[in-house]
Structures are given as C-alpha cells and as structure tokens.
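Colleague: Quick note on our numbering: the sequence shown kicks off at 63 and runs consecutively. Glycine residues also receive a C-beta, built at the ideal position from the N, C-alpha and C atoms. Questions regarding the structure given below will be posed in turn.
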Amino acid sequence: MSKHILVVDCGSTGIRSIIVNSNGKIINRTYKKIAIMHPEPGATENDPEHLWDVFKHVVQKGLSIPFIKIEAIAITNQRSTFALWDKKSGKPLTNFINWQDVRSAETARKMNKKTIWQLLRGFAFIVGRIINNPLLIVTSMLTLTTDHTICKLRWILDKTKKFSRKDVVDNLQFGTIDTWLLYKLTGKKAHLTDYTNASSTTLLNPFMMKWNTLFCSIFKIPTNILPKVLDTNGDFGFTDPHIFGKKIPVTTLVGDQQASLFGHHCFDPGDVKISLGSGAFVSMNVGPKPKYSKKGLFPLIAWTFNGTPTYTLEGQVATVGTYIDWAIEDMGFFSSPKELDALASECKDSNGVFCLPTLTGIKFPYFKADLTASISGLTLRSNKSHLALSIIQGIAHRVCDVIDGMENDTKIKIPRLKMDGGVSNSDILLQTIADFSGKSVLRSSEHDLTSLGAAYFSGISIGIWRDLKEISKLRIPSIEFTPKISNIERITSRKNWKKKILQIEKEYSI
Numbered sequence: 063m064s065k066h067i068l069v070v071d072c073g074s075t076g077i078r079s080i081i082v083n084s085n086g087k088i089i090n091r092t093y094k095k096i097a098i099m100h101p102e103p104g105a106t107e108n109d110p111e112h113l114w115d116v117f118k119h120v121v122q123k124g125l126s127i128p129f130i131k132i133e134a135i136a137i138t139n140q141r142s143t144f145a146l147w148d149k150k151s152g153k154p155l156t157n158f159i160n161w162q163d164v165r166s167a168e169t170a171r172k173m174n175k176k177t178i179w180q181l182l183r184g185f186a187f188i189v190g191r192i193i194n195n196p197l198l199i200v201t202s203m204l205t206l207t208t209d210h211t212i213c214k215l216r217w218i219l220d221k222t223k224k225f226s227r228k229d230v231v232d233n234l235q236f237g238t239i240d241t242w243l244l245y246k247l248t249g250k251k252a253h254l255t256d257y258t259n260a261s262s263t264t265l266l267n268p269f270m271m272k273w274n275t276l277f278c279s280i281f282k283i284p285t286n287i288l289p290k291v292l293d294t295n296g297d298f299g300f301t302d303p304h305i306f307g308k309k310i311p312v313t314t315l316v317g318d319q320q321a322s323l324f325g326h327h328c329f330d331p332g333d334v335k336i337s338l339g340s341g342a343f344v345s346m347n348v349g350p351k352p353k354y355s356k357k358g359l360f361p362l363i364a365w366t367f368n369g370t371p372t373y374t375l376e377g378q379v380a381t382v383g384t385y386i387d388w389a390i391e392d393m394g395f396f397s398s399p400k401e402l403d404a405l406a407s408e409c410k411d412s413n414g415v416f417c418l419p420t421l422t423g424i425k426f427p428y429f430k431a432d433l434t435a436s437i438s439g440l441t442l443r444s445n446k447s448h449l450a451l452s453i454i455q456g457i458a459h460r461v462c463d464v465i466d467g468m469e470n471d472t473k474i475k476i477p478r479l480k481m482d483g484g485v486s487n488s489d490i491l492l493q494t495i496a497d498f499s500g501k502s503v504l505r506s507s508e509h510d511l512t513s514l515g516a517a518y519f520s521g522i523s524i525g526i527w528r529d530l531k532e533i534s535k536l537r538i539p540s541i542e543f544t545p546k547i548s549n550i551e552r553i554t555s556r557k558n559w560k561k562k563i564l565q566i567e568k569e570y571s572i
C-alpha cells in the first residue's frame, strides 16, 4: 500500500498543499493566494492568523485522500520572514515582517557603526587572515543590511514600546513562518525550527551550528526568544488531533530554496539549481564544509541529517521576471513574455544594443546599489528584436556572473545547471544561459520541485526511502539545452559584458 506525505509550501504570494505518494509522484495540488500588507513606505507584512487560516484551507480543500492515510507532514517556506508572539496566550504581538521589508535600513546603518561591531570586524579581518579561519574571515566581510533578519528584529524590538518590558520579553517567542505554523499545528506545544531556516536569519552561526550568542549579545537580542533548532528531517512533534482529527507527525521543516535544491537532486558538491522567478536564486551544493565567497556570498546550511550538515552558497540576481514585467507593463516595449521571446529569436545578435537589467542596483559580484538599469547602443538601425535579444542576453549574463563567481571562489567545478521557476519557460533565455556559461542547462518537467524536495526529506524520516541513492532513482524528465556557440565566442561575449559594466560604473561615479 502506498504511503502519502502532505507537503505545505508557504511562499511569498501564496500557500500550496500537495500530496506525494511513495513513488515520488504528486497526486494532488491546491493553491491559495495570501494577503500582503504595505502599511507604510518600505513595509511588507503578513497577518500571522491569516497565514494559519490559509494553511488550514489549502490542506482541508486539497486533501484527495482521508487524513488517516497521511503518514507525515512537511513544511517548506519563504525564509527570513518572522513574527513575535506571546508564548502563554499564543497571541501574535507583531505581524510577520516579510523578507522584502526594508524599514530597518536606518537600524542597519547604526548597527554597522556600533564601535564594538567595528572592533570585532577589524579583529576578525586581521586574525582571520593570519590563521586562515573561515568563520573570522566571513565575520570581517559582513556588512549588515535590510536583507538580514537580525536588523529587522532589532528594529521591531526598538520600535515597539512594550518590548522594553522584561515581563513581556520573558514570555516572547520569535519564529519564522515554519516555527509559527508548527506552533499552531501542535496546539502551541512546539517552539522549533530547522537549520536551513535558522541559518537564513543571520542569527545562527553556520560554522558551529548554534545560535550566534556573540551577535545577539552585541545587538542585545534576547536569546530566550529563539526556538530550538533541529535537523531538517527532525522530530517536530505531532499535530493536535483537534485540527485534522488525527495526530500526524511533522517530520520536516525546510527553507524553500534548500528544498528546491534537494528536489533537483543536487546532492553532490558543484550541483547547482537556479530558480528563475521575479529574481534569480542561484544555489550551489558546496559539500560538508562551509565555503564562502571573498566577494560577499556567505555559507548557509542546505540541510542536516542526524546532525551532519551539507552547506550551500546562494547568489541572487534581483530583477529577472520583475525586469521583464517592467519592460512589458510599464514601458510597453512588448505585449507579453511570449512576444519578447519570439522577437528575440528573430535576430542572431543585438546589433550593439546593450541592456543592464538591474532596476534595483546590481548585486554579486559587483554590489553596486546605485548601478541601476540602462539600455544603450541604440541607433537608427536598432529594432524591437534587437532590444528583446539584449534583454535576454542581459539577464543571462547576470546569471552567469553569479555562476562564474561561485566557481572562482569555491574552486568547485559546476557540471550543469538545473532550472525551475516561471521564467525558465523561456527557451531562448535558457539557451542563452547555456551559451554564455558553457554548460548544459536542464529544465525539469515538474514545476513543484520545492514541495517535492520537502517530501523527499520527510520520506527519508518515515522510511519510504532509505537514503539519497534511492531518491536519485526517482527520475523526473527534463529538457536539456546545450551550448551552441564556440568557446571563443563565449569568452569574447563575457569579456565584453564585464568591460561594459566597468564603463557604466565609471560613468555613474563621475
């Protein structure tokens, strides 16, 4: 008899439930959008109780089999989004502060200027390089920004007057979305998270695999509010029988990007998956020891089994689908992504038209917030096809910037690139990435690889699959794009791209 796993994927715009059987096949899917609030400039929030209501809705509506046949529950979620609640009453004391929220910018600036923080970074810079200690070297490079949960947490603690009271803080609980949903599922009994979610908050030391008490001490973060951290496929307790009518074990909590990496079967060092959506998340398996980039990528925990970690590096291209939407909806260059792709396919080159698709500034490996988007090289001979191809090429080059940087800094060869996300439906974009990277690009026929990855973790926990070798046998068909240009053409194209970036950077600095 087939065993079934219920997976709930809590994303940035909605919550999805799927059921996976013991053959690794998805047999049911349900999705519902969530409400996103912007109460003031820079704010992005979610109502905790609303998320819980939507969670229950997609589970109950999407269940195509009786609850009695569900062997385990796995939760995967957007990372770094957090809330605070009262551990006695279970009442939320804040909304979820979303990972996209930027109201902590001034707090981050003050934290970076804090004398003890500057002294720590200076000490780490000198000693870390003398003794070649990765933890110290990474600490010396860490500039806190609104991307870091520790800044948002410090901001909300300062902003909310009642959090200055000891009696309130003593009963305060911090949690990312996985922790909150688990807390509700278990009838307010469990205050837990896993290493993938914890390592995405800047509050966890990924080298020592424990909460970073030094950082918490420097920035006065009360450690009593933090959840206990377990393996990705840990024992997270049982659901309250009053919720679904049965006690069901929760056997997996995992961050969405790490779940996607696992769902792509990226089990070996050098394996890379790229999620092409509003932005691009490039995740690389770097093996059992943490690695970092000298240009600003920091190690995260990809997953842990029985206390043994596998690490990942993540690079991000901020605007991919967002740039395409901007070109279509705001600028009116094209009527649809389909037209953009069709026009781009009509010409062999962009005829000198250059597109830098960085609407919010350029990230790794340049990290220039003021180096925003531009289109140049337009002449009387330019047409919409040239513009379309320049956009495709610009996005592909930015993805390849991250890939090249990861390879150069880790000294790990990347054999191929595995793609998912809505923008990966563009054949010409994937072909261009294959051309510029010199690597094969694989697009899976399965879109819900994040959910499938979470199911794999859970399946190992309950014995459906014994190990990674058995999961590797669960092959998912994919379409392969192989490089069609010569190495000389590829090298020339990449050199010209980097040269153009430097030229634009000089113009911005004038």
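Consult DSSP for PHE28 and reduce its assignment to one of helix, strand or coil.
Modeller: In this structure the chain extends from 63 to 572, so residue 28 is not present and cannot be described.
Colleague: Just curious, the alpha helix (DSSP H) that GLU391 is in, first and last residue?
Modeller: The sequence position of residue 391 within the sequence shown is 329, counting from 1. From DSSP, GLU391 is part of no alpha helix (DSSP H); its letter is neither H nor E.
Colleague: Rounded to a whole number of angstroms, what is the C-alpha to C-alpha distance between ASN445 and THR494?
Modeller: Residue 445 sits at position 383 when you count from the first residue of the sequence shown. Residue 494 sits at position 432 when you count from the first residue of the sequence shown. If you take the alpha carbons of ASN445 and THR494, they lie about 20 Å apart.
Colleague: If you follow the alpha helix (DSSP H) that GLN180 is in, where does it begin and where does it stop?
Modeller: The residue labelled residue 180 in the question sits at position 118 within the sequence shown. Counting along the chain, the alpha helix (DSSP H) containing GLN180 begins and ends at 177-193.
Colleague: Check whether the Cβ atoms of LEU323 and ASP240 lie closer than 8 Å to each other.
Modeller: Translated into the one-based positions of the sequence shown, residue 323 becomes position 261. Translated into the one-based positions of the sequence shown, residue 240 becomes position 178. No, the Cβ-Cβ distance between LEU323 and ASP240 is not below 8 Å.
Colleague: Between which residues of its own chain and PRO543 is the CB-CB distance below 6 Å, once the five residues before and five after are set aside?
Modeller: By one-based count along the sequence shown, residue 543 stands at place 481. The amino acid occupying residue 543 in the given sequence is Phe; Pro does not appear at that position. For PHE543, where only same-chain residues beyond five positions count, the Cβ hits under 6 Å are LEU492, GLN493, ALA496 and VAL503.
Colleague: Just grab the DSSP bridge partners of ASP256 for me.
Modeller: Position 194 of the sequence shown, counted from the start, is the residue given in the question as residue 256. Partner(s): LEU292.
Colleague: Are there 16 or more other CB atoms within 10 angstroms of the CB of PHE117, so buried, or fewer, so exposed?
Modeller: Position 55 of the sequence shown, counted from the first residue, corresponds to residue 117. When all chains shown are included, PHE117 counts as buried.
Colleague: Helix, strand or coil for THR478, going by three-state DSSP, please let me know.
Modeller: One-based indexing of the sequence shown puts residue 478 at position 416. For the record, residue 478 in the displayed sequence is Arg; it is not Thr. It is a strand residue.
Colleague: Give me, in chain order, the residues of the same chain whose beta-carbon lies closer than 7 Å to that of LYS131; leave out the 5 immediate sequence neighbours on both sides.
Modeller: The residue given as residue 131 occupies position 69 in the sequence shown. For LYS131, where only same-chain residues beyond five positions count, the Cβ hits under 7 Å are HIS66.
Colleague: My parser needs the alpha helix (DSSP H) runs of 4 or more residues fully inside the stretch 80-139; what are they?
Modeller: Entirely contained in the stretch 80-139, the alpha helix (DSSP H) runs reaching 4 residues are, in chain order, 110-124.
Colleague: Under 8 Å, do VAL464 and LEU440 count as touching if we go by C-beta distance?
Modeller: Along the sequence shown, read from residue 1 onward, the residue named residue 464 stands at position 402. Along the sequence shown, read from residue 1 onward, the residue named residue 440 stands at position 378. No. Outside cutoff.
Colleague: Quick one, which of LEU402, LYS351, PRO427 and SER340 has its alpha-carbon nearest MET270's?
Modeller: Within the sequence shown, the letter at position 208 stands for residue 270. Ranking the options by Cα distance to MET270, first place goes to LYS351.
Colleague: Assuming GLY484 contacts ARG552 under a Cβ cut-off of 8 Å, what Cβ separation, rounded to an integer in Å, is found between them?
Modeller: Taking the first residue of the sequence shown as 1, we reach residue 484 at position 422. Taking the first residue of the sequence shown as 1, we reach residue 552 at position 490. Rounded, the Cβ-Cβ distance is 27 Å, inconsistent with contact.
Colleague: Among all the DSSP beta bridges, which residues are the ones paired with LYS272?
Modeller: On the sequence shown, residue 272 is found 210 positions in, with the first residue counted as 1. Its beta-bridge partners are ASN267.
Colleague: Quick check on DSSP: helix, strand or coil for VAL316?
Modeller: Within the sequence shown, numbered from 1, the residue matching residue 316 stands at position 254. Strand at VAL316.
Colleague: Helix, strand or coil for GLY377 per DSSP?
Modeller: Translated into positions along the sequence shown, residue 377 becomes position 315. Note: GLY377 maps to strand in three-state DSSP.
Colleague: Decide if LEU405 is buried, meaning its Cβ has at least 16 other Cβ atoms within 10 Å, or exposed.
Modeller: The residue given as residue 405 occupies position 343 in the sequence shown. Burial call: buried.
Colleague: For ILE563, name the three-state secondary structure that DSSP assigns.
Modeller: The residue labelled residue 563 in the question sits at position 501 within the sequence shown. Helix.
Colleague: When the Cβ atoms of the stretch 421-436 are set against those of the stretch 559-567, are three or more pairs found closer than 8 Å?
Modeller: Yes: the two stretches touch, three or more of their Cβ pairs being nearer than 8 Å.
Colleague: Just the C-alpha distance for PHE185 and ILE218, rounded to the nearest angstrom, thanks.
Modeller: If you number the sequence shown from 1, residue 185 lands on position 123. If you number the sequence shown from 1, residue 218 lands on position 156. Each residue's Cα considered, the two are about 29 Å apart.
Colleague: I need the DSSP call for GLY467, collapsed to helix, strand or coil.
Modeller: Within the sequence shown, numbered from 1, the residue matching residue 467 stands at position 405. Residue state, collapsed to three classes: helix.
Colleague: If you count every other CB in all the chains shown that lies within 10 Å of the CB of ASP510, and 16 or more means buried, which is it?
Modeller: The residue given as residue 510 occupies position 448 in the sequence shown. When all chains shown are included, ASP510 counts as buried.
Colleague: Here's the rule: buried if 16 or more other CB atoms are within 10 angstroms of the residue's CB, otherwise exposed. What is LEU243?
Modeller: For this step, residue 243 is matched to residue 181 along the sequence shown. The residue is buried, with at least 16 neighbouring Cβ atoms inside 10 Å.
Colleague: Considering only C-alpha positions, which residue in the set THR420, MET468 and ILE336 is nearest to SER436?
Modeller: As a first step, residue 436 is located in the sequence shown; it is residue number 374 there, counting from the start. Cα-wise, what sits closest to SER436 is THR420.
Colleague: Less than 8 Å separating the beta-carbons of ILE192 and GLN235?
Modeller: Counted from its first residue, the sequence shown places residue 192 at position 130. Counted from its first residue, the sequence shown places residue 235 at position 173. No, they are not a contact pair.
Colleague: Using the three-state DSSP reduction, which class does TRP527 fall into: helix, strand or coil?
Modeller: Residue numbering aside, residue 527 sits at position 465 when the sequence shown is read from its first letter. Coil.
Colleague: Using a threshold of 8 Å, state whether the C-beta atoms of VAL382 and GLY325 are closer than that.
Modeller: Residue mapping note: residue 382 aligns to position 320 of the sequence shown, counting from 1. Residue mapping note: residue 325 aligns to position 263 of the sequence shown, counting from 1. No, they are not a contact pair.
Colleague: Using a Cβ-Cβ cut-off of 8 Å (strictly less than) and excluding sequence neighbours within five positions of LEU359, which residues of its own chain qualify?
Modeller: Taking the first residue of the sequence shown as position 1, residue 359 is located at position 297. Once the five neighbours on either side are set aside, the close Cβ partners of LEU359 are LEU375, GLU376, GLY377, PHE426, GLY467, MET468 and ASP471.
Colleague: With the cut-off set at 8 Å, would you say THR248 and ASP330 are in Cβ contact?
Modeller: Start at 1 with the first residue of the sequence shown, and residue 248 comes out as number 186. Start at 1 with the first residue of the sequence shown, and residue 330 comes out as number 268. No; because the gap between Cβ atoms is not below 8 Å, this pair is not in contact.
Colleague: Check whether the Cβ atoms of SER506 and LYS480 sit closer than 8 Å, and answer yes or no.
Modeller: In the sequence shown, the residue the question calls residue 506 occupies position 444. In the sequence shown, the residue the question calls residue 480 occupies position 418. It is a contact, given that the beta carbons lie within the stated cut-off.
Colleague: Can you give me the C-alpha to C-alpha distance between PRO311 and ILE526, rounded to a whole angstrom?
Modeller: As a first step, residue 311 must be located in the sequence shown, where it is residue number 249. As a first step, residue 526 must be located in the sequence shown, where it is residue number 464. If I take the Cα positions, the gap works out to 14 Å.
Colleague: Return yes when the Cβ of ASN108 is within less than 8 Å of the Cβ of PHE158, no when it is not.
Modeller: Working through the sequence shown from its first residue, we reach residue 158 at position 96. Working through the sequence shown from its first residue, we reach residue 108 at position 46. In contact: PHE158 and ASN108 (Cβ atoms closer than 8 Å).
Colleague: Go through its chain and collect everything with a Cβ distance to SER540's Cβ below 7 Å, but skip five positions before and after it.
Modeller: Translated into positions along the sequence shown, residue 540 becomes position 478. Closer than 7 Å at the Cβ level, and outside the excluded window around SER540, lie LEU504, ARG505, SER506 and SER507.
Colleague: Restricting to Cα atoms, I'd like to know which of LYS560, ALA321 and ASP229 is closest to PRO284.
Modeller: Against the sequence shown, residue 284 aligns to sequence position 222. Checking every option, the nearest Cα to that of PRO284 belongs to ASP229.
Colleague: Which residues mark the beginning and the end of the alpha helix (DSSP H) in which LYS214 is found?
Modeller: Numbered from 1 along the sequence shown, position 152 holds the residue referred to as residue 214. Residues 211-221.
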